[in-house]
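See below for the structure under consideration.
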Amino acid sequence: MDNIADVSLGGEATNNRFGNSVSNAGDVNGDGFSDVIVGAWGYSSYKGRAYIYYGGVNMNTLRMSL
């Protein structure tokens with residue numbers, strides 16, 4: 005294992021607090037791979053937003069859903 009990130013995730017705006025909460029979401033889309041949910045509670049004047057990243061065979065297949 006090296007010290008170079010395989011993937012880097014970020015929010016849509018500065019100070020939206022993307023990544024303040026992160027959790028295993030289970031297999032949301034039923035494809036057999038675990039998915040991850042990331043919160044950004046500061047998005048849009050603190051209305052918040054949740055991002056679901058669908059897992060896959062490797063990090064190259066990571067897909068996002070709002």
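Letter by letter, the sequence shown follows residues 5 to 70 in this note's numbering. Backbone N, C-alpha and C define an ideal beta-carbon position, used for all residues, glycine too.
Applying the 10 Å Cβ sphere with the 16-neighbour rule, what's the burial state of residue i?
{"i": "N62", "result": "exposed"}
{"i": "Y50", "result": "exposed"}
{"i": "G43", "result": "buried"}
{"i": "N20", "result": "buried"}
Tell me whether residue i sits in a helix, a strand or coil according to DSSP, three-state version.
{"i": "S12", "result": "coil"}
{"i": "S38", "result": "coil"}
If we ignore side chains and look at the alpha-carbon of each, how far apart do residue i and residue j end up?
{"i": "G60", "j": "T18", "result": "28 Å"}
{"i": "A9", "j": "V32", "result": "25 Å"}
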